[in-house]
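A.B. asks: Using the working numbering, read the sequence shown as starting at 1477 and increasing by one per residue. The following block contains the structure, expressed as structure tokens.
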Amino acid sequence: MRALLLIDLQRDFVEPGGALYFPGAESVLPPVLSLVEEYKRHNLPIITTQDWHEENDDEFQIWPKHCVKNSSGAELARVLKESLSGYTKHISIHKTRYSAFYGTNFEKIIESYAIDEIEVCGVVTHICVLFTVEELRNRGVKTIVRKDAVASYDKDLHVCALRLMHEILRAEVI
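Here is the structure:
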């Protein structure tokens, strides 16, 4: 089964004024919303990850405070939240580190839905997207990265991550 994976499309990342927002982050939302509608039409799983930190998370020694659990910044971007509202095959994963697998039930979700292909969108290309794609490929899951629906605050690292995902991890980058 095919699934759509939307990585960290949260207010703190993709909405102006968010704690780690960067100009252009919101550019991923139109193609993401189109994909969401397509997946909903076919009644396929849509998985969202959300960075979900405690007030005093160790990650805040590396990055400014962001996506504190139950805060408005940790919520999905408004337009995405609205689009997914009421969709019964929306699966939410709260994560504390870069990979969607670390300390989560993501692997069990993949197994329970018999997912063998995942289309990936989200932010940040060279951080949470890259490290999640690496884990998907380690598990032999066919992975498609939508380059129009991933973004980074660093153009060079964005391009490097896309190349690594394509050339090393053998994800399909379209």
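Just so you know, even glycine gets a beta-carbon here, dropped at the ideal spot from N, CA and C.
(1) What would DSSP say about S1568, mapped onto helix, strand or coil?
(2) Return yes when the Cβ of V1609 is within less than 7 Å of the Cβ of A1576, no when it is not.
(3) In the region 1505 to 1543, which residue ranges form an unbroken alpha helix (DSSP H) of at least 4 residues, counting only runs that do not cross its ends?
(4) Residues in the same chain with beta-carbon distance under 6 Å from L1606, minus the five sequence neighbours each way, listed in chain order, please.
(5) What does DSSP give as the partner residues of K1618 in its beta bridges?
(6) Would you give the residue range spanned by the alpha helix (DSSP H) that R1554 belongs to?
(7) Can you grab the Cα-Cα spacing for the pair W1528 / S1559, in whole Å?
(8) Once the 5 residues before and after L1481 are set aside, which same chain residues still bring their CB inside 6 Å of it?
(9) Would the region 1585 to 1592 and the region 1533 to 1545 be scored as touching if the rule is three or more Cβ pairs under 8 Å?
(10) Can you round the beta-carbon distance between V1599 and I1483 to whole angstroms, since I take them to be within the 8 Å contact cut?
(11) Taking the alpha carbon of N1546 as the reference point, which residue from T1601, N1581, Q1486 has its own alpha carbon closest?
(12) Checking 7 Å against the spacing of the C-beta atoms, do F1498 and Y1629 come in under that value?
(13) Are there 16 or more other CB atoms within 10 angstroms of the CB of D1632, so buried, or fewer, so exposed?
(14) From the DSSP output, read off the bridge partner residues of E1648.
(15) For A1501 and V1490, I'd like the C-alpha separation in whole angstroms.
C.D. replies: On the basis of the coordinates in this document:
(1) Taking the sequence shown and counting its residues from 1, the one referred to as residue 1568 is at position 92. Here S1568 sits in strand by DSSP.
(2) Here residue 1576 corresponds to residue number 100 of the sequence shown, with the count starting at 1. Here residue 1609 corresponds to residue number 133 of the sequence shown, with the count starting at 1. Contact flag unset, no.
(3) 1505 to 1517
(4) Counting from one through the sequence shown, the residue named residue 1606 turns up at place 130. Answer for L1606: A1637, listed in chain order.
(5) For the purposes of this step, residue 1618 is identified with residue 142 of the sequence shown, where counting begins at 1. E1593.
(6) Against the sequence shown, residue 1554 aligns to sequence position 78. Segment 1554 to 1560, the alpha helix (DSSP H) holding R1554.
(7) As a working note, residue 1528 is residue 52 in the sequence shown. As a working note, residue 1559 is residue 83 in the sequence shown. Looking at the two C-alpha atoms, the distance is approximately 21 Å.
(8) Taking the first residue of the sequence shown as position 1, residue 1481 is located at position 5. Once the five neighbours on either side are set aside, the close Cβ partners of L1481 are I1523, I1594, V1596.
(9) no
(10) Along the sequence shown, read from residue 1 onward, the residue named residue 1599 stands at position 123. Along the sequence shown, read from residue 1 onward, the residue named residue 1483 stands at position 7. Contact flag correct, Cβ pair sits at about 7 Å.
(11) The count along the sequence shown starts at 1 and reaches residue 1546 at position 70. Taking only the C-alpha atoms, the option nearest N1546 is Q1486.
(12) Your numbering for residue 1498 matches position 22 in the sequence shown. Your numbering for residue 1629 matches position 153 in the sequence shown. Yes, they are a contact pair.
(13) Here residue 1632 is taken as the residue at index 156 of the sequence shown, counted from 1. Flag for D1632 reads exposed.
(14) Numbered from 1 along the sequence shown, position 172 holds the residue referred to as residue 1648. According to DSSP, which records beta bridges pairwise, E1648 is partnered with I1620.
(15) Counted from its first residue, the sequence shown places residue 1501 at position 25. Counted from its first residue, the sequence shown places residue 1490 at position 14. The alpha-carbon atoms of A1501 and V1490 are separated by roughly 5 Å.
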